[in-house]
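Asker: So for the sequence shown, the numbering used here puts the first residue at 1; every next one is plus one. Sharing a structure with you now.
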Amino acid sequence: MTAPITPPEFPLTALMKSSTWLFPLVETAHIWGFVILVGSVVMFDLRVLGMAKTISVRALSKFLLPFSLGAVLIVVPTGALLFATQPTEFLANRVFMLKLGLIFLAGCNALAFHAGPYRSVTEWDTSATAPLSARLMTAASIAIWLSVILCGRMLAYV
Ligand code: HEM
């Protein structure tokens, strides 16, 4: 019988497993990251959906986008570190794969929003109702990001 293939373990991964503090610290940084990411995205989405119409969509985007992009730089490396502690288990976990698929979908949705309805933002920057496509995409964005959080939380139980 052939022995199961075990992926190579990096020193940091081994330290994450043996240290009492490192895993919870990385997980806490992961939480800080996605709170800022999902928080900033959802605030923008709510504005496009019609809340606080006196606030300029462009000004809000300029303010929030650096937070969203900066948070990605925290969320992805910390997520990768958490993943590296049990890669085989996570790859076989359907909830984890669903979570990654949803993150990809959210990224595509955001790119499509910026390449699509956002190009005409000067016409609906303040007071006006955003086009239907913009409202559908931002509503989808909220639903996808909240589902990503649900999948992330479920990982501890499935
Ligand atoms: C981009 C948005 C992301 C969100 C909103 C998110 C959300 C979450 C949440 C809510 C948890 C549970 C935290 C807890 O129960 O304490 C979690 C855990 C986790 N995340 Fe993410 N995550 C994101 C990105 C990623 C990425 C890109 C990866 C992998 C490359 C990843 C890998 C993990 C792993 C492996 C865990 C489980 C740790 C464990 O409890 O064993 N996450 N995530």
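For each residue, glycine too, the CB sits at the ideal point set by N, CA and C.
How far does the alpha helix (DSSP H) with residue 89 in it reach, from first residue to last?
Answerer: In the sequence shown, counting from the first residue as 1, residue 89 sits at position 89. It spans 87 to 91 - the alpha helix (DSSP H) in which residue 89 sits, taken as one unbroken run.
Asker: Over the uninterrupted alpha helix (DSSP H) stretch that includes residue 55, give me the two end residues.
Answerer: As a working note, residue 55 is residue 55 in the sequence shown. From DSSP, residue 55 is part of no alpha helix (DSSP H); its letter is neither H nor E.
Asker: What's the C-alpha gap between residue 144 and residue 20?
Answerer: As a working note, residue 144 is residue 144 in the sequence shown. As a working note, residue 20 is residue 20 in the sequence shown. Taking the straight line from one Cα to the other gives about 33 Å.
Asker: Identify whether residue 125 lies in helix, strand or coil by the three-state DSSP scheme.
Answerer: Taking the sequence shown and counting its residues from 1, the one referred to as residue 125 is at position 125. Coil at residue 125, not helix or strand.
Asker: Roughly how far, in whole angstroms, is the beta-carbon of residue 26 from the beta-carbon of residue 81, given that I think they are within contact range, below 8 Å?
Answerer: Locating residue 26 in the sequence shown gives position 26, where the first residue counts as 1. Locating residue 81 in the sequence shown gives position 81, where the first residue counts as 1. Yes, residue 26 and residue 81 are in contact; Cβ-Cβ is about 5 Å, under 8 Å.
Asker: Return the chain-ordered list of same chain residues with a C-beta closer than 8 Å to the C-beta of residue 149, the five sequence neighbours on each side being excluded.
Answerer: Position 149 of the sequence shown, counted from the start, is the residue given in the question as residue 149. Cβ neighbours of residue 149 beyond the five flanking positions: 34 and 38.
Asker: Look at the Cβ atom of residue 120, then the Cβ atom of residue 131, and state whether they are nearer than 9 Å.
Answerer: Along the sequence shown, read from residue 1 onward, the residue named residue 120 stands at position 120. Along the sequence shown, read from residue 1 onward, the residue named residue 131 stands at position 131. Taking 9 Å as the Cβ cut-off, residue 120 and residue 131 qualify as a contacting pair.
Asker: Who are the near neighbours of residue 158 in its chain, counting only those whose CB is closer than 6 Å to its CB and skipping five residues on each side?
Answerer: The residue you call residue 158 lines up with position 158 of the sequence shown. Excluding positions up to five away in sequence, the list reads 95.
Asker: Is residue 103 near the ligand HEM, going by C-beta to nearest heavy atom under 8 Å?
Answerer: Numbered from 1 along the sequence shown, position 103 holds the residue referred to as residue 103. Checking the Cβ of residue 103 against the ligand HEM gives yes.
Asker: Just to confirm, is the Cβ distance from residue 137 to residue 109 under 9 Å?
Answerer: Translated into the one-based positions of the sequence shown, residue 137 becomes position 137. Translated into the one-based positions of the sequence shown, residue 109 becomes position 109. Taking 9 Å as the Cβ cut-off, residue 137 and residue 109 qualify as a contacting pair.
Asker: Among 29, 28, 60 and 49, which residue has its Cα nearest to the Cα of residue 140?
Answerer: What you label residue 140 is simply residue 140 of the sequence shown in a count that begins at 1. Nearest of 29, 28, 60 and 49 to residue 140, Cα basis: 49.
Asker: State yes or no: is the C-beta of residue 30 nearer than 8 Å to some heavy atom of the ligand HEM?
Answerer: Along the sequence shown, one-based indexing puts residue 30 at 30. It does: the Cβ of residue 30 is within 8 Å (strictly closer) of some heavy atom of the ligand HEM.
Asker: Can the beta-carbon of residue 113 be found less than 9 Å from the beta-carbon of residue 128?
Answerer: Counted from its first residue, the sequence shown places residue 113 at position 113. Counted from its first residue, the sequence shown places residue 128 at position 128. Contact: no.
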